[in-house]
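Right, one structure below, let's go through it.
Chains as they are written, first to last, in UniProt numbering: chain A, 1 to 329; chain B, 1 to 329.
Following this line, the structure appears as structure tokens:
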């Protein structure tokens with residue numbers, strides 16, 4: 001299961017199995033999407049499959065995830081997402097009303113994100129060879145002129161900003177799946193971030209890095225950036241916005257919120273002189289109201305992410321090895 | 001299972017469930033891919049999921065299918081396919097060597113077709129919730145200036161040409177899956193048709209319709225074109241190239257070769273004055289060596305496909321209702 005978890009085992013699979021087979025230099029890049037030249041423009045192209053369990057959860061559904069996941073992957077390269085494809089793998093016997101509800105959620109999420117589902121496909125597998133509905137979306141966006149956002153561009157001195165409270169998606173899935181309750185009900189943060197990114201680019205077209213910390217959480221996102229750019233990252237732990245319910249859930253389950261998945265948050269590496277403007281633009285947007293500076297990019301310990309703890313200590317934030325919670329997206 | 005079979009039940013699912021939810025006018029078009037404007041160019045965008053069983057079969061594998069299926073969908077709009085995305089859904093416990101072999105096959109097929117895998121994703125589901133490997137590919141191609149190929153453009157008078165012998169993929173899958181033998185071993189015709197299409201466009205940039213008769217076979221492809229364009233189609237049954245092994249297999253199993261899936265064939269609707277040139281160009285290409293004129297497009301019986309039988313009779317070739325053979329691609 002760990003090979004699908006977005007951590008070190010996933011990276012190994014890409015490096016040892018897929019990259020040699022496909023020989024794609026572009027694939028080898030660690031970004032969430034590929035950037036490709038078409039007629040004087042640059043398009044971004046990305047794909048994700050979705051196998052979340054259950055299909056409907058507090059704050060969203062597999063249909064919302066399938067739109068927002070791919071829209072966010074495109075937005076993390078600064079692209080303006082425009083078009084989605086959609087592939088359904090249905091398990092024989094799944095209720096048509098369930099398929100209909102997922103399709104409705106997917107359509108509504110696409111309208112909210114301002115993208116259009118333009119092509120699709122459906123396959124059916126026997127009962128016991130699937131789990132209701134699996135979905136794949138691929139997406140295309142246009143990268144604005146002059147924008148060059150990718151993990152390799154992180155530079156010492158960059159300010160690290162997170163767009164809001166972390167850990168909500170992972171805890172929402174855990175609570176509904178395991179029947180756990182952590183005080184107030186926890187809803188997934190599942191949302192399309194392209195509008196927020198557009199607001200950020202309006203004040204800082206020279207943003208260095210954007211990343212949505214999904215599987216593997218903020219820890220995986222920061223580690224991938226540190227490794228790609230050969231820089232160090234220092235996080236001030238007490239500045240990371242962790243809501244009480246997430247903190248409580250993690251305490252009970254022995255988890256670290258830094259490793260819990262998000263589906264509507266981004267982390268940005270911003271040139272220091274733009275940090276105030278970007279933070280203000282984010283806080284003026286509904287999806288960035290709780291944005292916070294959580295740390296900085298440094299020249300020391302390249303490839304490594306460390307946290308300064310509230311008590312003045314330092315701990316290493318490793319890339320997660322495998323999967324904390326299977327089928328979270 | 002019928003809802004995934006590419007026949008009337010699939011069409012119903014798109015019409016009643018997906019189209020209303022997504023509200024996509026482009027999706028509602030019956031073509032294999034969407035055509036979208038980027039920077040003064042037109043790109044084609046298409047997706048398919050692949051759930052074929054077994055993963056390896058005579059003449060190919062799920063990796064070959066995943067490349068050729070999407071490349072062919074793009075080529076059927078006249079596009080020059082360039083880039084693919086690739087999403088793996090792995091079942092827990094699948095051998096890494098099997099994943100590696102599929103990835104190798106996929107990479108090799110991409111190189112043969114002249115396309116690049118540029119972005120990907122991997123998810124893992126529990127044992128018993130998948131079947132080894134499911135794959136999704138989405139693809140992007142560029143539509144050459146002046147090319148306008150889609151089912152709606154079929155016109156009375158058009159000559160209907162098929163690129164070679166039909167039914168091979170379906171019979172190959174059946175024979176390996178059911179352990180049947182039909183005389184000589186049957187190999188799938190799985191192949192990328194973009195080179196053949198390029199050769200055809202070189203002599204006839206004004207081609208009206210191209211379609212790859214996959215699920216539902218030639219019968220489904222011709223019915224979809226007849227319905228989309230509001231024209232009739234007359235097929236001379238004895239001109240349809242059916243290899244002996246396919247005829248034998250179909251006789252034993254009570255199937256009609258017209259409904260058996262192909263993965264390396266196309267059917268073209270060609271303006272009458274271009275038919276000779278197109279046929280010659282096809283026969284000069286390795287994947288069109290057995291190309292044949294099989295019928296014509298007529299103004300009578302709009303939306304209906306009829307076959308003239310060798311004995312001088314006429315029969316209606318209906319859209320297949322559901323699935324003849326599940327998980328064929």
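Idealized CB from N, CA, C, for every residue including glycine. It should be emphasised that the depicted structure is a prediction, and the values quoted were computed from it without experimental measurement.
Exposure of residue 97 of chain A is indicated by the presence of fewer than 16 other C-beta atoms within 10 angstroms of its C-beta.
Among the bridge pairs identified by DSSP, residue 44 of chain A is matched with A:35 and A:141.
At least 7 Å separates the CB of residue 223 of chain A from every CB of chain B. Among the CB atoms of chain B, one or more fall inside 7 Å of the CB of residue 4 of chain A. In the displayed model, residue 10 of chain A falls within a helix according to three-state DSSP.
In the DSSP assignment, residue 236 of chain A falls within the beta strand (DSSP E) that extends over 232-236. Taking each of A:145, A:162, A:253 and A:326 in turn and checking the Cα distance to residue 236 of chain A, the smallest one comes out for A:162.
Contacts with chain B at 7 Å (Cβ-Cβ) do not include residue 212 of chain A. Contact of residue 129 of chain B with chain A is assigned, a C-beta pair being separated by under 7 Å. Closer than 7 Å to the CB of residue 76 of chain B there is not a single CB belonging to chain A. When the beta-carbon positions are compared, residue 124 of chain B and residue 1 of chain A come within less than 7 Å of each other. If you draw a 10 Å sphere on the C-beta of residue 276 of chain B, you find fewer than 16 other C-beta atoms in it, and that means exposed. Rounded to the nearest angstrom, the gap between the Cα atoms of residue 302 of chain B and residue 10 of chain B is 21 Å. The bridge partners DSSP lists for residue 134 of chain A are A:89.
For the region 145-185 of chain A, the full-length alpha helix (DSSP H) segments reaching 4 residues or more read 168-178 along the chain. Annotation for residue 62 of chain B: the continuous alpha helix (DSSP H) segment containing it runs 62-75. In this structure, residue 65 of chain B keeps its C-beta atom at 7 Å or more from the C-beta atom of residue 191 of chain B.
About 18 Å separates the beta carbon of residue 48 of chain B from that of residue 129 of chain A, a gap too long to meet the 8 Å contact definition. Contacts between residue 178 of chain B and chain A, judged by CB atoms closer than 7 Å, are missing: the closest CB pair is about 15 Å apart. Residues are counted here when their Cβ sits less than 8 Å from a Cβ of chain B; for the region 136-157 of chain A these are 136, 138, 140 and 142, given in chain order. Ranking A:145, A:199 and A:265 by CA distance to the CA of residue 69 of chain A puts A:265 first.
Residue state for residue 307 of chain A is assigned as strand, using DSSP reduced to three classes. A distance below 6 Å between beta-carbons, with the five flanking residues on each side excluded, links residue 260 of chain A to the following residues of its chain, in chain order: 167, 170 and 217. In the three-state reduction of the DSSP assignment, residue 112 of chain A falls in the helix class.
In the DSSP annotation of this structure, the continuous segment of the beta strand (DSSP E) that includes residue 269 of chain A starts and ends at 267-270. When rounded, the separation of the alpha-carbon atoms in residue 85 of chain B and residue 309 of chain B is 44 Å. With fewer than 16 other Cβ atoms inside 10 Å of its own Cβ, residue 37 of chain A counts as exposed. Rounded to whole angstroms, the Cβ separation of residue 172 of chain A and residue 188 of chain A is 4 Å, and the two are in contact under 8 Å. If you look at residue 250 of chain A, you'll find it in the alpha helix (DSSP H) that goes 244-253. Rounded to whole angstroms, residue 200 of chain B and residue 99 of chain A show a C-alpha spacing of 40 Å. Look at the beta carbons and you see the region 136-144 of chain B not touching the region 50-61 of chain A: under three pairs across the two are nearer than 8 Å. Linking residue 250 of chain A to residue 257 of chain A through their CA atoms gives a straight-line distance of about 6 Å. In this structure, residue 46 of chain A lies near residue 33 of chain A, with their beta-carbon atoms less than 7 Å apart. Between the beta-carbon of residue 229 of chain B and that of residue 153 of chain B there is about 7 Å, and that keeps the pair under the 8 Å contact cut.
For residue 159 of chain B, the closest C-alpha among the options B:94, B:293 and B:282 is that of B:293. With fewer than 16 other beta carbons inside 10 angstroms of its own, residue 314 of chain A counts as exposed.
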